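What follows is one structure encoded as structure tokens, with my remarks underneath.
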Amino acid sequence: MGLRIPIIIPVSKPSKGSAGKTGLWRVERPVINEDKCIKCWLCWLYCPEDVISEGKNGFPQIDLTFCKGCGVCADVCPVGAIKMVKEEREDEHRR
Ligand code: SF4
Ligand code: SF4
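Numbering-wise, my numbering comes out as the position in the sequence shown, counting from 1, plus 154.
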């Protein structure tokens with residue numbers, strides 16, 4: 155038997171909140187249209203912040219406290235069920 159050398163593959167696992175509480179600086183937020191969603195879970199698979207989980211009705215729900223608004227979920231959704239919409243901060247506009 156020859157010498158066995160273990161192969162180590164570096165894997166980056168998304169962790170919730172790695173970008174902090176993003177609601178304070180996010181420019182856009184994802185909005186899911188449940189009428190279009192086919193529950194393929196690609197958005198969950200590709201979200202780099204691991205902030206998508208199953209909601210009460212079986213559709214994906216997004217934790218906006220930690221979502222950074224990167225738009226990856228909207229890009230990978232095969233049926234266009236996720237739309238990125240601008241964050242409105244009325245209090246900032248009035249200052
Ligand atoms: S925009 Fe979508 S992919 Fe990006 S962090 Fe938020 S939920 Fe995840
Ligand atoms: S990627 Fe789109 S269709 Fe698939 S579960 Fe997410 S929102 Fe639904």
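The beta-carbon is built from N, C-alpha and C at its ideal position, and this holds for glycine as well. These numbers were taken from a predicted model, which means no experiment stands behind them.
When we look at the beta-carbon of residue i and count the other beta-carbons within 10 Å, is it buried (16 or more) or exposed?
i, result
"GLU208", "exposed"
"ILE276", "No statement about residue 276 is possible, as the shown extent of the chain runs from 155 to 249 and does not include it."
"GLY223", "buried"
Within its chain, find whatever has a CB closer than 7 Å to the CB of residue i; leave out the 5 residues flanking it on each side and keep chain order.
i, result
"CYS231", "LEU196, CYS197"
"VAL239", "GLU182, ARG183, VAL185"
Who are the Cβ neighbours of residue i in its own chain at under 6 Å, not counting the five residues just before and after it?
i, result
"ASN187", "ALA235"
Compute the Euclidean distance between the alpha carbons of residue i and residue j, then round it to the nearest angstrom.
i, j, result
"LEU199", "VAL185", "17 Å"
"ARG249", "ARG183", "Reliability fails at ARG249, whose pLDDT of 48 lies under 50, so the model's placement of it is uncertain and the value that follows must be treated cautiously. The straight-line gap from Cα to Cα measures roughly 23 Å."
"ARG180", "PRO160", "42 Å"
"ILE216", "CYS227", "10 Å"
"PRO202", "CYS191", "20 Å"
For residue i, which residues does DSSP report across the bridge?
i, result
"ASN183", "A small fix is needed here, since residue 183 is Arg in this sequence, not Asn. Answer is VAL239, bridged to ARG183."
"GLU208", "PRO214"
Going by DSSP, what residue range makes up the alpha helix (DSSP H) through residue i?
i, result
"CYS197", "196-200"
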